[in-house]
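What follows is a set of notes on a single structure, which appears directly below.
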Amino acid sequence: MNEIRIRGNLTLCKLMVRDETGTCQITWYNQPYLKNVFQQNQRYKFFGKIKNSAGKIEMQSPVYEAEESNRNTGKIIPIYPLTYSLSQNTIRKIMENGIQEVENKLPETMPEYFIQKYQLYDINTATHQIHFPDNFENFKLARKRLVFEELLSMQLALLSLKNKYEVRKQGICFNKNVKMSDIINQLPFSLTKAQLRVLEEIDGDMESSKPMNRLLQGDVGSGKTIVALISSYKAVKSGYQAVVMAPTAILATQHLESFTEILKDTGITCELLVSGISKKKKEDILERLAKGEIDILIGTHAVLEENVVFSKLGLVVTDEQHRFGVRQRSIIAEKGENPDVLVMTATPIPRTLALILYGDLDISIIDELPPNRKKIETYAVQKNMEARVNAFIAKNIEEGRQCYIVCPLVEENEEINAKSVMELVEIYKNQIFTQFTVEYLHGKMRPKEKDEIMERFKNGEIDILISTTVIEVGVNVPNSNIMVIENAERFGLAQLHQLRGRVGRGEYQSYCILKYQGNSKMIQERMKVISSTNDGFVISEKDLELRGSGEFFGTKQHGLPEFKIANLFEDIEMLKQIQAISMEIMSQDPLLEKQENKEFRLLVEKNFKNRIEI
Ligand code: ADP
Ligand code: MG
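For the sequence shown, the residue numbers in this note's numbering are 1451 to 2064.
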């Protein structure tokens, strides 16, 4: 074997091998230890892709082993994710030892009767066959068993959560004589059919003695806030307090403004609790809250703190719920006695999935935008359009509008070929838009600075706001009508749609300009989807279809659980089957108390601890 040093510590090992049919040159990079692995005149097996270059046969970095060994060749071999200098070979050896160590000793994690009934592999066979399958059929069966277990434990966990709510002691029956229509009639606009429908569902829940646990899904701009307000009105007029929790101070402040405005003639008192307020103000709020002098508390995570005590909390609303975990939802709910809970989200996920994945919640959907909303015109453009885009921005600002520019990075990064906030500020502020006020916003800034910038943007003192995706959630500046997204190819479709929702909130025709790089079919297809529709549900279906669930759900933005082996896109049929099975199990044994379901109970407990952070 020859070792050649190319440069620095890059080395190349070349090996010439021969069998009955001819010779082959093999190359490895950076594996100098191979020098001592091969002996002359010994027989080895090599497995890899063969390259035929001008009649010469070559292989690069093949799998190899001694002729008599059959660890790595001649069968299905596992490929593990690698890190640092670990090789497939090393991990494979370790796994082989590991599997041998536990062979037939793993305790079964699902009930025996269940494994029989659905003809699943037992845990030991599944574990062995998923790593070292004898054939593809066995591999599939092993995977099926593990996917079954993973999805089933999620479903059972969600359903038992729901059962727990439902057997929870008596919830609150809000007053039937308090009519939502009283406040609805005072609004400056009429509600959409969809808003009225979900309010009816909520009203029903509120009047019933069953504690409400409802998810309200509605696209950006579909008018969820007003639904929260009307529900809070009903709670307050029935003699209870309500709390509305939002993920950022900006959003909470915005909610407070619209609540105070709309409720000004009702005698209902609203207050804001965020971490930035003065100690004195905070003490005052806490005191009045405990005395019942504040009817609606609006705030951020700050409302979860232990010293926030209500006198009579009846309704809990969380906005943009995927930012809050189940635990936070229950902390706040425990500040009242079985209050009704409404969680709102603007992340549309395909209906089939929503029904299954939010199995612990009842679902209401606002599938209609308020009338006279102008469609946001969306254009996907490449670098050659830059000058035109800039001219277009300038023209709109001169007409009095404002513009958002969103990019993936805060600072320049040599390794990532994408635009950063600081880089763009330099160019736009000092070179292209010198006549306008250009400011920036990103997650590394202090909350106070961020709020200040946002406030100035809202007041129209800033023309162009360059930011990262921090502005993604719920911000409402109706005067801004252009959203430029740099390196749009780097964002998921759902996220692009969310970002686009920052404009089109006022009377002005709004535009979303997606600047992208790259010409792959996937990028083209995605740009086409987002430019051709404004319907969040259609986009999320397409997103799922184009990317597969690995990426769709891998990105935390959906707030859905991540799976070790299941793939919600490929395994959707199995998921439906499992949902039916889980319901059957739970209908027989709602809290999984039967001895025969002991294993399921353990799975659910494990699931609650590690995974469910919806
Ligand atoms: P989201 O569902 O994204 O939270 P908002 O509740 O912020 O949307 O509503 C967006 C805007 O639409 C707000 O300015 C709100 O006052 C307005 N709005 C809500 N419902 C209606 C309606 N039925 N008709 C007209 N405007 C509405
Ligand atoms: Mg909202």
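Where a beta carbon is used, it is the ideal one built from N, C-alpha and C, also for glycine.
Owing to the predicted nature of the structure, the values given are computational and were not obtained by experimental measurement.
For the stretch 1586-1621, the continuous alpha helix (DSSP H) assignments of 4+ residues that do not extend past its boundaries occur at 1586-1617, in sequence order. Around the beta-carbon of Cys1623, fewer than 16 other beta-carbon atoms lie within 10 Å, marking it exposed. Excluding the 5 residues flanking it on each side, Leu1591 has same chain C-beta neighbours closer than 6 Å at Tyr1571, in chain order. For Lys1506, the enclosing beta strand (DSSP E) covers residues Lys1506 to Gln1510. Its Cα nearest to that of Lys1824, the residue Asn1984 stands out among Asn1984, Tyr1563 and Lys2048. When DSSP assignments are scanned along the stretch 1794-1829, the uninterrupted stretches of alpha helix (DSSP H) that are 4 or more residues long and fall wholly within it turn out to be 1801-1807. Exclusion of Arg1906 from the 7 Å shell around the ligand ADP follows from its C-beta lying no nearer than that to any non-hydrogen atom of the ligand. Comparing alpha-carbon positions, the option among Ser1511, Phe1496, Asp1715 and Ala1685 lying closest to Ile1746 turns out to be Ala1685. Linking Gly1786 to Ser1761 through their CA atoms gives a straight-line distance of about 8 Å. Relative to the ligand ADP, the beta carbon of Leu1641 is positioned inside 7 Å of a heavy atom. The beta carbon of Leu1641 sits closer than 8 Å to those of Ile1634, Leu1649, Gly1673 and Ile1676, all from its chain and outside the five residues before and after it, given in chain order. In the DSSP assignment, Arg1664 forms a beta bridge with Leu1792 and Asp1812. DSSP places Thr1461 in the uninterrupted beta strand (DSSP E) bounded by Leu1460 to Asp1469. For the ligand ADP, a non-hydrogen atom lies closer than 7 Å to the CB of Ala1796. DSSP places Met1695 within a strand segment (E or B) once states are collapsed to three. Taken atom to atom, the span from the alpha-carbon of Val1934 to that of Val1979 is near 17 Å.
If you check the CB distance, Arg1940 and Gly1671 do not come in under 8 Å.
When DSSP states are grouped into helix, strand and coil, Val1487 belongs to the coil group.
Comparing alpha-carbon positions, the option among Asp1734, Lys1869 and Glu1836 lying closest to Asn1757 turns out to be Asp1734. Annotation for Thr1710 indicates a beta carbon at 7 Å or more from all heavy atoms of the ligand ADP. Remark: three or more beta-carbon pairs, one from each stretch, lie closer than 8 Å, so the stretch 1682-1700 and the stretch 1714-1726 are flagged as touching. Nearest to Ile1507 by alpha-carbon distance, out of Lys1495, Arg1468, Glu1515 and Thr1523, is Arg1468.
Classified as exposed, Leu1637 has fewer than 16 neighbouring CB atoms from the shown chains inside 10 Å of its CB. Each residue's CA atom was taken as its position, placing Lys1898 and Ser1725 some 10 Å apart.
Bridge pairing for Met1933: Tyr1854 and Cys1962 [DSSP]. Beyond the five residues adjoining it in sequence on each side, Ile1652 comes within less than 6 Å, by CB distance, of Ser1681 in the same chain, given in chain order. For the pair Met1662 and Asp1817, the CB atoms are not nearer than the 8 Å cut-off. Each residue's CA atom was taken as its position, placing Met2024 and Leu1606 some 15 Å apart. Taken in chain order, the complete beta strand (DSSP E) segments of 3 or more residues contained in the stretch 1701-1737 are 1720-1723. Of the heavy atoms belonging to the ligand ADP, none sits nearer than 7 Å to the Cβ of Arg1647. When secondary structure is reduced to three states using DSSP, Val1953 falls in the coil class, being assigned neither helix nor strand. The bridge partners DSSP lists for Ser1917 are Val1856 and Leu1891.
A Cβ-Cβ distance of about 5 Å is found for the pair Leu1722 and Leu1706, placing them in contact under the 8 Å criterion. Secondary structure note for Asn1502: it is in no alpha helix (DSSP H), and the uninterrupted beta strand (DSSP E) holding it is Ile1500 to Ser1503. Just so you know, the alpha carbons of Leu2018 and Gln2027 end up roughly 13 Å apart. Of the other Cβ atoms in all chains shown, fewer than 16 fall within 10 Å of the Cβ of Ile1544; this residue is therefore exposed.
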